[in-house]
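Under UniProt numbering, the first residue of the sequence shown is numbered 1, with each subsequent residue one higher. Every residue, glycine too, gets a C-beta built ideally from N, C-alpha and C.
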Amino acid sequence: MRLLVPILMACALYGAWDWWHERGPGAAAATAAMTSDNGFVPVAMPGGTPRNAVLVLAPRNCPSDQAQRTEALVAALSRAGVPVVRGDGFSFDVANPTREQMQAMDRTVEVFKRGAPAVYVNGMGMSNPSAAQAIAEYRATRARR
Numbered sequence: 001m002r003l004l005v006p007i008l009m010a011c012a013l014y015g016a017w018d019w020w021h022e023r024g025p026g027a028a029a030a031t032a033a034m035t036s037d038n039g040f041v042p043v044a045m046p047g048g049t050p051r052n053a054v055l056v057l058a059p060r061n062c063p064s065d066q067a068q069r070t071e072a073l074v075a076a077l078s079r080a081g082v083p084v085v086r087g088d089g090f091s092f093d094v095a096n097p098t099r100e101q102m103q104a105m106d107r108t109v110e111v112f113k114r115g116a117p118a119v120y121v122n123g124m125g126m127s128n129p130s131a132a133q134a135i136a137e138y139r140a141t142r143a144r145r
């Protein structure tokens with residue numbers, strides 16, 4: 001029994017250190033270093049998202065400012081000939097994710113939590129981008145694929 005308490009304490013300390021290492025100040029700097037020229041960060045694409053299409057997530061049929069920005073963005077993307085998929089939620093199709101996949105899923109959720117519209121395109125995501133940013137990211141990531 002005496003040995004159990006130090007082992008549990010060591011596990012708790014390691015878990016706290018690991019959590020801080022992933023989410024602490026260094027994590028923000030690492031994400032900033034991965035940011036594209038258009039302001040998008042690498043993410044795990046939500047399940048069911050078609051390849052080479054822009055996924056725009058925001059509440060539907062809402063009179064809010066966010067919903068109006070979303071509708072304007074979707075219209076601008078459509079006028080530019082960019083395929084758009086509209087949604088209001090997402091999920092992941094991953095069993096036994098790796099550490100890198102977990103980090104990418106965390107970034108996906110963080111983009112979504114920052115506010116609508118959340119935009120995902122070919123493995124990159126951004127909250128409330130301008131139409132020019134979304135179109136540029138679509139073209140840049142499509143060229144790499």
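**Study point:** Endpoints, the alpha helix (DSSP H) within which R99 is located
**Key:** Run containing R99: R99 to K113, per the alpha helix (DSSP H) assignment.
Exercise for review: Give me whichever residues DSSP pairs with P42 in a beta bridge.
Suggested key: According to DSSP, which records beta bridges pairwise, P42 is partnered with M124.
Exercise for review: Starting from V74, trace the alpha helix (DSSP H) both ways and give me its first and last residue.
Suggested key: Its alpha helix (DSSP H) spans residues D65 to R79.
**Study point:** Where A30 sits in the DSSP three-state scheme
**Key:** Summary for A30: the model assigns pLDDT 49, below 50, so the residue's position carries little reliability; its value from the coordinates is reported in the next sentence. Helix, per DSSP.
**Study point:** Of the listed residues I135, A116 and V54, nearest to Q68 (C-alpha basis)
**Key:** Nearest of I135, A116 and V54 to Q68, Cα basis: A116.
Practice item. Specify whether the stretch 75 to 86 and the stretch 45 to 63 touch according to this definition: at least 3 beta carbon pairs, one from each stretch, less than 8 Å apart. Key: Contact check between the stretch 75 to 86 and the stretch 45 to 63: three or more CB pairs, one atom from each, fall below 8 Å, which counts as touching.
Exercise for review: Taking P129 as the reference, give the member of P50, M102 and Q66 with the closest Cα.
Suggested key: Across the set P50, M102 and Q66, the C-alpha of Q66 shows the shortest separation from the C-alpha of P129.
Review point. With 16 other CB atoms within 10 Å as the buried threshold, where does V94 fall?
Key: The residue in question, V94, is exposed, as its Cβ has fewer than 16 Cβ neighbours within 10 Å.
Review point. Given I135, which residues of its chain have a CB within under 8 Å of its CB, disregarding the five upstream and five downstream residues?
Key: Only A76, L77, A80 and V82 meet the Cβ criterion.
Exercise for review: Determine, using beta carbons only, whether D88 and P59 come nearer to each other than 9 Å.
Suggested key: Cβ atoms of D88 and P59: closer than 9 Å.
Practice item. Taking T35 and V41 to be in contact with their CB atoms under 8 Å, please state how far apart those CB atoms are, rounded to whole angstroms. Key: Right, their Cβ atoms sit about 5 Å apart.
Check your understanding: CB-CB under 6 Å to Y138, same chain, minus the five flanking residues each way: which ones, in chain order?
Key -> Listed in chain order, the non-local C-beta contacts of Y138 below 6 Å within the same chain comprise V54, V82 and V121, local neighbours out to five positions each way being set aside.
Review point. DSSP puts V56 in a beta bridge; with which residues?
Key: In the DSSP output, where bridge partners are listed per residue, V56 has R86 and V119.
Check your understanding: Where does R139 sit, in a helix, a strand or coil, going by DSSP?
Key -> Helix at R139.
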